[in-house]
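Asker:
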Amino acid sequence: MLDLVWLIPTLPLAGFLVLVLGGRVLGEPRAGWLATLCCGGSFLITALVFFGLVDRGAADRHFEQTLWTWLPSGSLHVEFGFLVDPLSITMALFITGIGTLIHLYSIGYMHGDPKFSKFFLYLNLFAASMLLLVLGNNMLLTFLGWEGVGACSYFLISFWFSKEANASAGKKAFVTNRIGDWGFMIAMFLTFQATGTLQYGGEHGILEQAHTLAPVTATAIAALLFVGACGKSAQLPLYVWLPDAMAGPTPVSALIHAATMVTSGIYLMTRVNPLLAQGYDWLPNTIAWVGVATAFLAATIAVAQNDIKKILAYSTVSQLGYMFLAIGSGAYVAAVFHMVTHAFFKALLFLGSGSVIHGMHEEQDIRRMGGLRKYMPITAVTFIIGWLAIAGIPPFAGFWSKDDILLAALNKNPALWAFGFVTALLTAFYMSRQVFLVFFGEERFRDAGADLPADEAHAQAHDEAQAEAHDGAQDGAHDGAGALAHAHGVEPHESGWHMTVPLVVLAALAVLGGGLNLPFTDSSKLLERWLEPVLESAGRSTETHFSVDGSVQTGLAIGTALLCALAISLAWTIYLRRKGADAEKIELDLFAHAWHYDEGITAFAGGPGRAGFEGVAALDRNVVDGAVNGVGSLVRWTSSKLRLAQTGYVRSYALGIVVGAIVLLGLFLGKAA
Amino acid sequence: MSAAPSLLAAIRVTEIWYLGLGAMLFTIGAVGVLVRRNPLVMFMCIELMLNAVNLTFVTFARSLDDVGGQVVVFFVLVVAAAEVVVGLGILVALLRRRPGATADDVAELKG
Chain A
-10 MLDLVWLIPT
0 LPLAGFLVLV
10 LGGRVLGEPR
20 AGWLATLCCG
30 GSFLITALVF
40 FGLVDRGAAD
50 RHFEQTLWTW
60 LPSGSLHVEF
70 GFLVDPLSIT
80 MALFITGIGT
90 LIHLYSIGYM
100 HGDPKFSKFF
110 LYLNLFAASM
120 LLLVLGNNML
130 LTFLGWEGVG
140 ACSYFLISFW
150 FSKEANASAG
160 KKAFVTNRIG
170 DWGFMIAMFL
180 TFQATGTLQY
190 GGEHGILEQA
200 HTLAPVTATA
210 IAALLFVGAC
220 GKSAQLPLYV
230 WLPDAMAGPT
240 PVSALIHAAT
250 MVTSGIYLMT
260 RVNPLLAQGY
270 DWLPNTIAWV
280 GVATAFLAAT
290 IAVAQNDIKK
300 ILAYSTVSQL
310 GYMFLAIGSG
320 AYVAAVFHMV
330 THAFFKALLF
340 LGSGSVIHGM
350 HEEQDIRRMG
360 GLRKYMPITA
370 VTFIIGWLAI
380 AGIPPFAGFW
390 SKDDILLAAL
400 NKNPALWAFG
410 FVTALLTAFY
420 MSRQVFLVFF
430 GEERFRDAGA
440 DLPADEAHAQ
450 AHDEAQAEAH
460 DGAQDGAHDG
470 AGALAHAHGV
480 EPHESGWHMT
490 VPLVVLAALA
500 VLGGGLNLPF
510 TDSSKLLERW
520 LEPVLESAGR
530 STETHFSVDG
540 SVQTGLAIGT
550 ALLCALAISL
560 AWTIYLRRKG
570 ADAEKIELDL
580 FAHAWHYDEG
590 ITAFAGGPGR
600 AGFEGVAALD
610 RNVVDGAVNG
620 VGSLVRWTSS
630 KLRLAQTGYV
640 RSYALGIVVG
650 AIVLLGLFLG
660 KAA
Chain B
276 MSAAPSLLAA
286 IRVTEIWYLG
296 LGAMLFTIGA
306 VGVLVRRNPL
316 VMFMCIELML
326 NAVNLTFVTF
336 ARSLDDVGGQ
346 VVVFFVLVVA
356 AAEVVVGLGI
366 LVALLRRRPG
376 ATADDVAELK
386 G
């Protein structure tokens, strides 16, 4: 059954090709169904391959399939092949599984869009690239998928490109990711230089050779890969593109910018764990600190956002920070565990927010919602499950995975734990704020916008601009309702079954996801035992194993959960009962402006950065071009003098010949004498 | 009248006479090219130089008993004939357009 692995990325690719050729002919909704079927088929095959892998013994769970030799170029020999092991198949399972659900959801969400088939074409191409990324058996193939998902992300962020903001958000994502990709490429060159191969597995693969590398080489490769991961997985200092990426359609935010693509950095770091183990200690420390700093920063920003999707975007950045904290702490299992559970509940939350936006006729500002649970019960219930999961309330999925990470952080460094712990409380707080403002309390959507403070006018105008871009994409009936929404408020409605079914499935996963790795006994740590073969180098495990006293572990878990519950009740007091602290005292301007990070970059790039680049341009103009042009003008000047000798008088040429002949004659005679 | 034939008979015409004649003809031709302006005369001077060289070739071929020199002369003649065709063609074209033109006037063609 393992032989079927080539079909996993091929099916979405085939769907992409069919849609390229005949997407318009198929039209709505058949194009969407085709794409969904391709992704679903891919999921079934992944499941088959998964069971094939389970059938094998733990030590034997490594299968490679080579389709053809891709680059036979001297000593650089790159195969086009797939690597099936517990890590890659875990990734493939949730990519195709969640991908299928989101394809289905999109059929409802993109209803009436003039570019309906094009959307699914991109989605299928994305699925194929993402599967190539995780299943590729060498770094170059991973890089191909890496760039493929980057391109799809760009296409889909600026899907409604007629709006300036969407187009520039796409460009921002693309350009920011180039910085990360630079790191990935240099890492590849270094790896080939050091090991002579780009293959992960096998006897002479990178992973087997890792423990023979010099620590400095291993550190350099891993650090450069981490630069790549920072770009793709939106970590400091390269996280800026992800919040803007919310300009894309909501299913895209759920699939690409929450569940799958942004986790490829985690996948990459987990894949090369022997390199991290071989390198110096400062690198894991750096990764852990970058992760926890990103988690904390993004969580504070999320507290003060008013766009329903922006909150989730910063939350995603924050949760990705948790995963990097786990990687840096040597807890790869916890990182992968949180990646999977996060994929469940964050995809759920995004799809839920999409359902809200849809039902509210393209309204995204949570200050103009409230009390929606009466109007969209399924969305509300599923969203609440997602909220409890991310807030770390047992027994939902997020509680277990976040607890694993915090425990590993505590083992690594109590300071890391402290930041992670505060972030967990912030997470519970801002998610509660969102849920309370959207689904509970008074209904504020009927008097839309009238009571907003004047200083928010700009932000509101921006939101409306986005909403209008959205409107343009919907069918005529929605268009009218959308326009009405801004004038007199709206009547929200529940979404169709295409959209609610994925919500229900994901909600079930968000409840049960924690079962993957329950910390009670060794036999209940399913994911840990499953990933064990991947996390070793030269026979030793690269996972940091530590023992904590059972009572400490339980105490910490219960304490965290209790304090998270306290944070939720705090949000309830502030945002529902309108008592206690004033909301404006918490939603600091500093947070609303994302710590002025974006403005800082703009100011830097516009001021000293621009001056610097203009200096470089001047250097290029004057010195580099000057040297080239100088040679040219020297030749011109010399020849302008030399051409004076060319008079055009035959006699002067003849005289020259005679003089030359006499001189030669004189020379010869002088020699002879 | 008997003295004169004997006088002439006493003169042995050796190679140096031919070489001297060749040198003289060459000098006349070279000076002619340098000092004259009439293109036709300059042209004839060039022919004079060519034939002076031919004479020298033949002389050496004879004295060194090497037929190669004579072969070269044939080549020179052939090339000279071709050159005459081209040169006279240019000359006719030039003089037809500007009767009485000198070689210096051709300098106007200079870019």
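Heads up: the protein sequence lines correspond to chains A and B, in order.
Going by this note's numbering, 349 is the number at position 360 of the first sequence; the sequence numbering is gapless.
Going by this note's numbering, 332 is the number at position 57 of the second sequence; the sequence numbering is gapless.
Ideal placement from N, C-alpha and C gives every residue a C-beta, glycine not left out.
These figures come from a predicted structure and were not determined experimentally.
#1: Beta-carbon within less than 8 Å of B/K385's beta-carbon, same chain only, minus the 5 sequence neighbours each way: which residues are those?
#2: Please list the partners that B/V381 has in chain A, where partner means a Cβ-to-Cβ separation under 9 Å.
#3: First and last residue of the beta strand (DSSP E) that includes A/H70?
#4: Within this structure, are the beta carbons of A/S222 and A/G268 separated by less than 8 Å?
#5: Mind checking whether the beta-carbon of A/T249 lies closer than 7 Å to any heavy atom of the ligand HEM?
#6: Please compile the residues from chain A whose C-beta is within a distance smaller than 8 Å of the C-beta of B/A378.
#7: With DSSP as the reference, label A/L60 as helix, strand or coil.
#8: Using a Cβ-Cβ cut-off of 8 Å (strictly less than) and excluding sequence neighbours within five positions of A/I394, which residues of its own chain qualify?
#9: Within a Cβ cutoff of 7 Å, which residues of the same chain sit near A/L515, ignoring the five residues on either side of it in sequence?
#10: Round the Cβ separation of A/G360 and A/G430 to the nearest angstrom and send it over; I've been treating them as touching at under 8 Å.
#11: Say whether chain B places a C-beta atom closer than 8 Å to the C-beta of A/V647.
#12: Would B/L384 pass as an interface residue toward chain A - the criterion being a Cβ-Cβ separation below 8 Å?
#13: Report the CB separation of A/A162 from A/W230 in whole angstroms; it is logged as a contact under 8 Å.
#14: Please state whether the Cβ-Cβ distance between A/V292 and A/M358 is less than 8 Å.
#15: Could you tell me which residues DSSP puts in a beta bridge with A/R422?
#16: At the level of alpha carbons, what is the spacing between A/A581 and A/L309?
#17: How should B/L325 be labelled, buried or exposed, when 16 other C-beta atoms within 10 angstroms of its C-beta is the threshold for buried?
#18: To the nearest angstrom, report how far apart B/Q345 and B/N329 are at their CA atoms.
#19: Going by DSSP, what residue range makes up the alpha helix (DSSP H) through A/V500?
#20: Roughly how many angstroms lie between the CA atoms of A/L272 and A/P(-2), to the nearest whole one?
#21: Look at the Cβ atom of A/A499, then the Cβ atom of A/A404, and state whether they are nearer than 8 Å.
#22: Using a Cβ-Cβ cut-off of less than 9 Å, list which residues of the stretch 354 to 377 of chain B approach chain A; keep chain order.
#23: By DSSP, does A/Q353 sit in helix, in strand, or in coil?
#24: Give every residue of the same chain whose Cβ lies closer than 7 Å to the Cβ of A/L415, excluding the five residues on either side of it in the sequence, and list them in chain order.
#25: How big is the Cα-Cα spacing for A/V175 and A/A247?
#26: If the criterion is Cβ atoms closer than 8 Å, does the pair A/M99 and A/P238 meet it?
#27: First and last residue of the alpha helix (DSSP H) that includes A/G101?
#28: Is there contact here, the stretch 418 to 425 of chain A with the stretch 549 to 560 of chain A, by at least three beta-carbon pairs under 8 Å?
#29: Using a C-beta to C-beta distance shorter than 8 Å, which residues of chain A count as neighbours of B/V328?
#30: With a threshold of 16 other CB atoms inside 10 Å of the CB of A/W149, please say whether the residue is buried or exposed.
#31: Give, in chain order, every residue of the stretch 288 to 302 of chain B whose Cβ lies closer than 9 Å to some Cβ of chain A.
#32: Leaving out five residues on either side along the sequence, give the residues of the same chain with a beta carbon under 7 Å from the beta carbon of A/L15.
#33: Which one or two residues does DSSP pair with A/F52 in a beta bridge?
#34: Use the C-beta contact count for A/P61: other C-beta atoms within 10 angstroms, 16 or more gives buried, fewer gives exposed.
#35: Buried or exposed, going by whether 16 or more other CB atoms sit within 10 Å of the CB of A/P491?
#36: Is the stretch 125 to 136 of chain A touching the stretch 171 to 190 of chain A, taking contact as three or more C-beta pairs under 8 Å?
Answerer: So, from the listed chains and residues:
#1: What you label residue 385 of chain B is simply residue 110 of the second sequence in a count that begins at 1. Nothing meets the Cβ criterion.
#2: Locating residue 381 of chain B in the second sequence gives position 106, counting from the first residue. Within chain A, the residues near B/V381 are G637, Y638, V639.
#3: Walking along the first sequence from the start, residue 70 of chain A turns up at place 81. Contrary to the premise, residue 70 of chain A reads as Gly rather than His in this sequence. The continuous beta strand (DSSP E) containing A/G70 extends over residues 65 to 73.
#4: Against the first sequence, residue 222 of chain A aligns to sequence position 233. Against the first sequence, residue 268 of chain A aligns to sequence position 279. Going by C-beta atoms, A/S222 is not nearer than 8 Å to A/G268.
#5: In the structure shown, the ligand HEM is absent, as is every other ligand, since no ligand is present at all.
#6: Position 103 of the second sequence holds residue 378 of chain B. Chain A residues near B/A378: Y638, V639, R640.
#7: One-based indexing of the first sequence puts residue 60 of chain A at position 71. When secondary structure is reduced to three states using DSSP, A/L60 falls in the strand class.
#8: For the purposes of this step, residue 394 of chain A is taken as the residue at position 405 of the first sequence. Cβ contact annotation for A/I394 (same chain, cutoff 8 Å, sequence separation greater than five): Y311, M312, L314, A315, S318, A320, A323, A324, H327, G409, in chain order.
#9: Counted from its first residue, the first sequence places residue 515 of chain A at position 526. If we look at A/L515 and ignore the five residues flanking it on each side, its Cβ neighbours are L505, N506.
#10: Residue numbering aside, residue 360 of chain A sits at position 371 when the first sequence is read from its first letter. Residue numbering aside, residue 430 of chain A sits at position 441 when the first sequence is read from its first letter. Right, the Cβ-Cβ distance comes to about 6 Å (below 8 Å), so this counts as a contact.
#11: For the purposes of this step, residue 647 of chain A is identified with residue 658 of the first sequence, where counting begins at 1. By this cut-off, A/V647 is an interface position.
#12: In the second sequence, counting from the first residue as 1, residue 384 of chain B sits at position 109. For B/L384, at least one C-beta of chain A is nearer than 8 Å to its own C-beta.
#13: Along the first sequence, read from residue 1 onward, the residue named residue 162 of chain A stands at position 173. Along the first sequence, read from residue 1 onward, the residue named residue 230 of chain A stands at position 241. Cβ atoms of A/A162 and A/W230 come within 8 Å of each other, at about 4 Å.
#14: Start at 1 with the first residue of the first sequence, and residue 292 of chain A comes out as number 303. Start at 1 with the first residue of the first sequence, and residue 358 of chain A comes out as number 369. The answer is no: Cβ separation not under 8 Å.
#15: Here the question's residue 422 of chain A lines up with position 433 in the first sequence. DSSP output for A/R422 lists no bridge partner at all.
#16: Within the first sequence, residue 581 of chain A is the residue found at index 592, counting from 1. Within the first sequence, residue 309 of chain A is the residue found at index 320, counting from 1. The straight-line gap from Cα to Cα measures roughly 20 Å.
#17: Numbered from its first residue, the second sequence carries residue 325 of chain B at position 50. Flag for B/L325 reads buried.
#18: One-based indexing of the second sequence puts residue 345 of chain B at position 70. One-based indexing of the second sequence puts residue 329 of chain B at position 54. Going from the Cα of B/Q345 to the Cα of B/N329 covers about 8 Å.
#19: Translated into the one-based positions of the first sequence, residue 500 of chain A becomes position 511. Looking at the DSSP string, the run of the alpha helix (DSSP H) that includes A/V500 is 486 to 501.
#20: Translated into the one-based positions of the first sequence, residue 272 of chain A becomes position 283. Translated into the one-based positions of the first sequence, residue -2 of chain A becomes position 9. C-alpha separation (whole angstroms): 33 Å.
#21: One-based indexing of the first sequence puts residue 499 of chain A at position 510. One-based indexing of the first sequence puts residue 404 of chain A at position 415. Cβ atoms of A/A499 and A/A404: not closer than 8 Å.
#22: Taking 9 Å as the Cβ-Cβ cut-off against chain A, none of the residues of the stretch 354 to 377 of chain B qualify.
#23: Translated into positions along the first sequence, residue 353 of chain A becomes position 364. Coil.
#24: Within the first sequence, residue 415 of chain A is the residue found at index 426, counting from 1. Correct list, in chain order: A288, T289, V292.
#25: Numbered from its first residue, the first sequence carries residue 175 of chain A at position 186. Numbered from its first residue, the first sequence carries residue 247 of chain A at position 258. Note that residue 175 of chain A corresponds to Ile in the displayed sequence, not to Val. Distance between the alpha carbons of A/I175 and A/A247: 27 Å.
#26: To locate residue 99 of chain A, count along the first sequence from 1; it is residue 110. To locate residue 238 of chain A, count along the first sequence from 1; it is residue 249. For A/M99 and A/P238, yes; Cβs fall inside 8 Å.
#27: Within the first sequence, numbered from 1, the residue matching residue 101 of chain A stands at position 112. Taken as a continuous stretch (DSSP letters only), A/G101 belongs to no alpha helix (DSSP H), as it is neither H nor E.
#28: With a cut-off of 8 Å on Cβ pairs, the stretch 418 to 425 of chain A is in contact with the stretch 549 to 560 of chain A, counting three or more such pairs.
#29: Residue numbering aside, residue 328 of chain B sits at position 53 when the second sequence is read from its first letter. Residues of chain A passing the Cβ test: none, with the nearest at roughly 12 Å.
#30: Mapped onto the first sequence, residue 149 of chain A falls at position 160. With 16 or more other Cβ atoms within 10 Å, it is buried.
#31: The stretch 288 to 302 of chain B vs chain A, Cβ under 9 Å: nothing.
#32: Here residue 15 of chain A is taken as the residue at index 26 of the first sequence, counted from 1. Only residues of its own chain outside the window of five on either side were considered, and among them L23, S106 have a CB closer than 7 Å to the CB of A/L15, listed in chain order.
#33: In the first sequence, residue 52 of chain A corresponds to position 63, counting from 1. As DSSP reads the structure, A/F52 sits in a beta bridge with A/V73.
#34: What you label residue 61 of chain A is simply residue 72 of the first sequence in a count that begins at 1. Note on A/P61: under 16 other CB atoms within 10 angstroms of its CB, so exposed under the neighbour-count rule.
#35: Counting from 1 along the first sequence, the entry for residue 491 of chain A is found at position 502. Buried, because 16 or more other Cβ atoms sit within 10 Å of the Cβ of A/P491.
#36: Short answer: they touch.
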